[in-house]
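Residue numbers for the sequence shown follow my numbering, beginning at 871 and rising by one.
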Amino acid sequence: MAKLLYVETSPRKQRSASTEVARAFLDAYRTAHPADSIQEIDVWKLDLPEFDEVAFEAKYAGIEGRERTPAQQAVWNRFVALAQPFRDADKIVLSVPMWNWGIPYKLKHLIDVISMKDVLFTFDERGLLGLLGGKKALLVLAKGVDYSAGSATAPWDQQTPYLKVWLNSIGITDITLLPVEKSLYGPEVDRSSRDAATASGRALAASF
Ligand SMILES: Cc1cc2nc3c(=O)[nH]c(=O)nc-3n(C[C@H](O)[C@H](O)[C@H](O)COP(=O)(O)O)c2cc1C
């Protein structure tokens, strides 16, 4: 029985393209893998610690081999608890809207508070070593315009490369991309783009 973690990052809910496509994928996944468990996280409902000086020193204490103060340990415990679903999962599905060529700040905030040495990665003289090797990820990526290969705006896309680098840095290299583009090209293009991505997602569910 595999564990799938679904992380939803659009606040738009009912009209969200990334959520719509990801939820169609999850419905098909449930049918194809009835024994698997699915945990859901909505980043907009998480209580994320501010990355203030205490948080900074809690992170660096581990890197520099210092004892944490009680306040640093308390925030460190929150980092570890927030990272735990990522450590527990066998498969991770992220649905992500593009915001200003990157990702929504709530997802970046989550990434900042869970990307900790000895939690999601470690490093030694060989460099960075991700600790989540062997897991696979699906990225459902909604974008307002066209970023397909060869398009004029393709080089502007910092959402896809950023998420791939982050996943690689924590050891996840088996990454499937499911783009939902052109949601700002009017209702007809938006609908056909969502339908095409939904069909691709459903087709993927059994083998994911
Ligand atoms: C704050 C904000 C910034 C955005 N920035 C971009 C952008 O840089 N490029 C783009 O193609 N679309 C951009 N969009 C459009 C969204 O990516 C698009 O509406 C997408 O469908 C949102 O995903 P969702 O429907 O799952 O929420 C932006 C939307 C918002 C709300």
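Each residue gets a CB set at the ideal place from its N, CA and C atoms; glycine is no exception. Source: prediction; values computed, not measured.
As assigned by DSSP and simplified to three states, the class of residue i
i: GLY1004; result: coil
i: GLU937; result: coil
i: ALA928; result: helix
i: LEU990; result: coil
i: GLU910; result: strand
i: GLY1020; result: coil
i: ILE962; result: strand
Residue burial classification, residue i (beta-carbon count within 10 angstroms, cutoff 16)
i: SER886; result: buried
i: THR1043; result: exposed
i: LYS883; result: exposed
i: LEU998; result: exposed
i: TYR975; result: exposed
i: ALA1067; result: buried
i: VAL1035; result: exposed
i: GLY1004; result: exposed
i: ILE973; result: buried
i: LYS1077; result: For the record, residue 1077 in the displayed sequence is Ser; it is not Lys. Counting Cβ neighbours within 10 Å, SER1077 comes out exposed, since fewer than 16 surround it.
i: THR1079; result: Within the shown structure, residues of the chain are numbered from 871 to 1078, placing residue 1079 beyond reach of any answer.
Residue i, enclosing beta strand (DSSP E) - first and last residue
i: PRO1049; result: 1044–1050
i: LYS873; result: 873–878
The alpha helix (DSSP H) enclosing residue i, as first and last residue numbers
i: LEU1054; result: No alpha helix (DSSP H) holds LEU1054; DSSP gives it neither H nor E.
i: LEU896; result: 887–902
Residue nearest to residue i in terms of C-alpha spacing, selected from the options
i: SER888; options: ASP922, ARG1061, PHE1078; result: ARG1061
i: ILE984; options: PRO919, LYS1013, THR939; result: PRO919
i: PHE993; options: ILE1040, VAL877, TRP914; result: ILE1040
i: ASN1038; options: ARG1064, ALA1012, LEU1001; result: LEU1001
Output the residues surrounding ligand 1, defined as those with a CB atom closer than 6 Å to any ligand heavy atom, in chain order.
Those satisfying the condition are, in chain order, SER880, ARG882, SER886, ALA887, SER888, THR889, PRO967, MET968, TRP969, ASN970, TRP971, ALA1012, LYS1013, GLY1014, VAL1015, SER1053, LEU1054.
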